[in-house]
Each structure stands twice: as structure tokens, then as C-alpha cells.
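Here's the structure we're looking at; comments come further down.
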Amino acid sequence: MKKGDKIVIAVGVAVIVLAAIGLWIYAQEAGNEQQGQPQEKIKTYDVTWEEKQGSLSSIEGSASDKILGKDVDYNGTITIPVSNIKSITFTLTWEDDHTYGILKKKGEDTLTFSVVSPDGKEIGNEQSIGNGTIILTATNPESPQLVSYVEAKTLEDAERILESNYTCENWKNEPFELHVSVKVGEKFYKPFKRLKDTGNNFTIDVTYTYYVPHLTEETTSSEETSVEETSSSTEMIAETDAIGQIIATGYGFH
Numbered sequence: 010m011k012k013g014d015k016i017v018i019a020v021g022v023a024v025i026v027l028a029a030i031g032l033w034i035y036a037q038e039a040g041n042e043q044q045g046q047p048q049e050k051i052k053t054y055d056v057t058w059e060e061k062q063g064s065l066s067s068i069e070g071s072a073s074d075k076i077l078g079k080d081v082d083y084n085g086t087i088t089i090p091v092s093n094i095k096s097i098t099f100t101l102t103w104e105d106d107h108t109y110g111i112l113k114k115k116g117e118d119t120l121t122f123s124v125v126s127p128d129g130k131e132i133g134n135e136q137s138i139g140n141g142t143i144i145l146t147a148t149n150p151e152s153p154q155l156v157s158y159v160e161a162k163t164l165e166d167a168e169r170i171l172e173s174n175y176t177c178e179n180w181k182n183e184p185f186e187l188h189v190s191v192k193v194g195e196k197f198y199k200p201f202k203r204l205k206d207t208g209n210n211f212t213i214d215v216t217y218t219y220y221v222p223h224l225t226e227e228t229t230s231s232e233e234t235s236v237e238e239t240s241s242s243t244e245m246i247a248e249t250d251a252i253g254q255i256i257a258t259g260y261g262f263h
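Right, here's the structure in full:
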């Protein structure tokens, strides 16, 4: 090969090597810029649903069964101030304050307790004679969907997804009707005892069960991080070897 041809080939190889080096440097700088401005990735947030209990203030009420005139029943309403309601329990306790008899109680009153849900359906209607406790429980037909995780870019986004898609507002701040009536046990042919007994007092306690969601971001395992770092290192070594081979080939001409 002539000396002039060797010079031309050497110059061509040098240009190729310099171009390869320039491309490699550009790629590294671009990669560093991307690392300096990381893009938000979609993250997975685990959701745990805590079951909590709440209660309202006790209701002290009374109902009357008059010998003359119209009976006076108790009619009231309550509302529950939370979302994600699972169930509501209404507990009425009472005791007849006018009875007599030693071996057998006489003149015992009969108390009736009923609850109506916001959609007009009767949850329960039960009676108690003399004294006792009546418990009526309502289960929410639209309880929340208890998802195990949500995907979002940030914790705030995950909270918004839970709020908009998985929060149950059914029964929140909606009125439940409470009705209590009494029938006095004293007979009309005993007017003095009957006049003394016109009705009874009672107490209603309302408790409710509801869900509260808690979010926790899933963490990346150390093994996955190690694989990513190893992959990046391997790519860098491969690029360096390729350039080295080009340089060696270029300077191997005689």
C-alpha cells in the first residue's frame, strides 16, 4: 500500500474515532441531565382500612298513654357525621316505674321501639314488657369498596383517588327516624292506679361502625435497585470497549 493511501486511511479512522468519542460524551451528558431532572413515576400505595367505633350523645325521652286525650309518642331523628359507614346500632333501655305485686308483677307497661332509615325502610320494630333493652341494628347496603391498593404519582393524588372513587357517603348526615310508643298496663277498672301511670321514660344510645383508610407507599426492594445499577454499569463498559476496539483497529494499519 502506498504511503499516501495509508495517510488517507489513518485520517479517516481518526475522524471516526473522534466522532464516536463525541457521541459517547454527548450521551453521558444527556443521561446526567435526565438524572438531574427525574420524572415522576407511578407509585403503588397500599391501603389498609381501620374499623372504628363512634357514638352519639344519649337521648333521654318519654312516651305517654293518656286515659283522657291523645297519646303522646316520642318521635325524633338522628344523623351520623362520618363517611364509610358500615353499620348503626340503636339501643333502647327502660324500666316501668309503676308496677305492683309480690309474686307476680302487675300493671306492666308495653313499650314499642322502631327505627326508619333515610330511604323510608323500617329497620326494626320491637316491643318490651315491664323493662328491658331493645337493640336494633342497621347495616349499610352501600358500604365502601375496600380496595387493597391504588396507583398514583404522589400521596396527595392517591388520597384524591380514594376520596373520589372509594369513599361511601351513603347515610352520612342523613336522618334516621326514631319512634317510641307505650301502652300502660293498668286496667281501666282501677282508675286510681291508672291515673298514676301515664307512661314511661327511656334512654336511647346510638353507636356506629365505620372505616378509615390509611395509605402506605410500597418500597422498592434492594435487589431490584442492584439489578438496575448493574445493568447501567454493563452498558457503560460495553460502550467503552467498542470505542477501544475502533481506536485499536485504526492504529493497526501498516
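Read in order, the letters of the sequence shown correspond to residues 10 to 263 in the numbering used here. Note that the Cβ used here is the ideal one computed from N, Cα and C, for glycine as well.
Asked: In whole angstroms, what is the alpha-carbon distance linking Thr212 and Trp103?; Found: 7 Å
Asked: Taking buried to mean at least 16 other C-beta atoms within 10 Å of its own C-beta, is Leu27 buried or exposed?; Found: exposed
Asked: For Trp5, which residues does DSSP report across the bridge?; Found: With the chain represented from 10 up to 263, any question about residue 5 goes unanswered, as that position is not in the structure.
Asked: With DSSP run on the structure shown, which of helix, strand or coil describes Gly63?; Found: strand
Asked: Given a threshold of 16 other Cβ atoms within 10 Å of its Cβ, counted over all protein chains shown, does Ser66 qualify as buried or as exposed?; Found: exposed
Asked: Enumerate in chain order the residues of its own chain whose CB-to-CB distance from Thr121 is below 6 Å, with the five nearest sequence positions on each side excluded.; Found: Gln136, Ser190
Asked: Tell whether a beta-carbon distance below 8 Å holds between Thr88 and Asn182.; Found: yes
Asked: For Ser173, which of helix, strand or coil comes out of DSSP?; Found: helix
Asked: If you reduce the DSSP assignment to three classes, tell me which class Glu135 lands in.; Found: strand
Asked: Taking just the CA atoms, how far does Tyr217 sit from Gly63?; Found: 5 Å
Asked: Mapping DSSP to helix, strand and coil, what is Asp118?; Found: coil
Asked: Determine the closest residue to Leu145 out of Gly129, Glu38, Phe99, with distance taken between C-alpha atoms.; Found: Phe99
Asked: By the DSSP assignment, the beta strand (DSSP E) with Ser71 in it spans what residues?; Found: 68 to 73
Asked: By Cβ distance below 6 Å, which residues in the same chain neighbour Val221 in space, the five residues on each side in sequence not counted?; Found: Glu59, Lys61
Asked: Out of Glu38, Trp180, Tyr54, Thr53, which has the shortest C-alpha to C-alpha gap to Gly129?; Found: Trp180
Asked: My output table needs one value for Ile87: the three-state DSSP class, helix, strand or coil.; Found: strand
Asked: What whole-angstrom Cβ distance do Glu226 and Lys52 have, given they're in contact under 8 Å?; Found: 6 Å
Asked: Pick from Val56, Pro127, Val215: whose alpha carbon is nearest that of Pro150?; Found: Pro127
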